[in-house]
Ligand SMILES: Nc1nc2c(ncn2[C@@H]2O[C@H](COP(=O)(O)OP(=O)(O)OP(=O)(O)O)[C@@H](O)[C@H]2O)c(=O)[nH]1
Ligand SMILES: [Mg+2]
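Residue numbers (the numbering used here): 51 to 415.
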């Protein structure tokens, strides 16, 4: 069992962060738990100014060191909910004498643990080594070994990438080539499916209920769990209303705030599901404290995929407002419109209405 110590830096005047410290910490905890890390300690630390060499100030670093020494914690990983530079990472590891990971490394690790198919594994590896490469550039002369990402949990024989930049570049090239093949096959399959039936893609923040909705609509039994990034590879199923009314529903990978750009880049073939969909359904969790900021995060990834400017959204896009069973009955304002449907994927409340809407929308497309 690996222990971790979670630190959420609350940065003074951080205008980009729309979440409360508590909800950021809650999310960080669910990320750590999702790869079986046992949380030893969690702190929200105020950071007035980011120190370029060590991220935190001297006092804080010393305080954490004392705490680590006092409790004789050895196999502990400190996870910082921000992006830290390789130099900051190295310096902190030196003082604390434990492994230090940042948010991107943790997300890459989770994706690595979830990858099942060859395509999924290739995509994760590409994301990981692309990220490693950017870190090599910045501290090439200092870093003898690269760590983080895949396999940091492993004991002896753990998979550490020790390739130099040249090797990484050629590996990136090879993976891209392989992924391009997969992408072409996928494109062929998609075209075949498209000739058959329209494609409807479910997207949304991780844990918003996409797979639960997918199962409810299709009768499938895909893995759903109160766990971030439960789904990595897209799944497809045909949904029929009548002989002439059919569509293909796809369930995709969930999004998260500050998703590493390397992941978005690497998951291109998976994200094509969204790009080529006849209808995009954004599944939102209305019971979540960050309901609004999650929406902004998802919309910003969609814009990135489509290459759109701020404020612009695809026209074939609707929202499903999920988990209304968690609201008080009086709160369940059933303000269904053509583009916004309130339902509960868990209980099935409102599902038939959604199905009907999907058929109407794709018919009039
Ligand atoms: N109460 C309630 N819980 C729901 C509802 N829909 C989904 N859930 C729960 O939310 C959790 C996440 O559901 P998933 O369907 O796995 O979510 P997802 O969006 O596929 O998550 P990722 O694959 O991680 O992106 C599970 O515990 C579900 O049981 C709902 O309508 N009501
Ligand atoms: Mg899922």
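Even for Gly, the Cβ is constructed at its ideal location relative to N, Cα and C.
Per DSSP, the unbroken beta strand (DSSP E) holding residue 286 starts and ends at 285 to 290.
In terms of Cβ geometry, residue 134 and residue 103 do not form a close pair [threshold 8 Å]. Only residues of its own chain outside the window of five on either side were considered, and among them 374, 375 and 393 have a CB closer than 8 Å to the CB of residue 399, listed in chain order. For residue 111, the CB contacts under 8 Å within the same chain, skipping 5 residues up- and downstream, are 104, 142, 145 and 146 in chain order. Relative to ligand 2, the nearest heavy atom lies less than 7 Å away from the CB of residue 261. Around the C-beta of residue 58, 16 or more other C-beta atoms lie within 10 Å, and the residue is accordingly described as buried. Note on geometry: alpha-carbon atoms of residue 301 and residue 411 lie some 19 Å from one another.
Less than 8 Å divides the Cβ of residue 298 from the Cβ of residue 243. If you draw a 10 Å sphere on the C-beta of residue 251, you find 16 or more other C-beta atoms in it, and that means buried. If you ignore the 5 residues before and after residue 386, its C-beta comes within less than 7 Å of the C-beta of 392 and 403, all in its own chain and listed in chain order. Partner residues in the beta bridge of residue 54, as assigned by DSSP, are 89 and 127.
Judged by DSSP secondary structure, residue 227 falls within the alpha helix (DSSP H) whose first and last residues are 215 to 246. In this structure residue 148 touches residue 128 by the C-beta definition: roughly 6 Å separates them, less than 8 Å. A contact between stretches requires three or more CB pairs, one per stretch, nearer than 8 Å, and the segment 338 to 358 meets this requirement with the segment 302 to 314. In the displayed model, residue 262 falls within a helix according to three-state DSSP. About 5 Å separates the Cβ atoms of residue 84 and residue 278, confirming a contact at the 8 Å cut-off.
By the neighbour-count criterion, in which 16 or more other beta carbons inside 10 Å mark a residue as buried, residue 332 falls on the buried side. Here the alpha carbons of residue 388 and residue 295 stand approximately 19 Å from one another.
Beyond the five residues adjoining it in sequence on each side, residue 408 comes within less than 7 Å, by CB distance, of 250, 297 and 329 in the same chain, given in chain order.
When the beta-carbon positions are compared, residue 290 and residue 273 stay at least 8 Å from each other. Between residue 372 and residue 336, the gap from beta carbon to beta carbon is short of 8 Å. Collapsing the DSSP output to three states places residue 301 in a strand. Secondary structure of residue 393 (DSSP, three-state): coil. The C-beta distance from residue 352 to residue 363 rounds to 7 Å, short enough to meet the 8 Å contact threshold.
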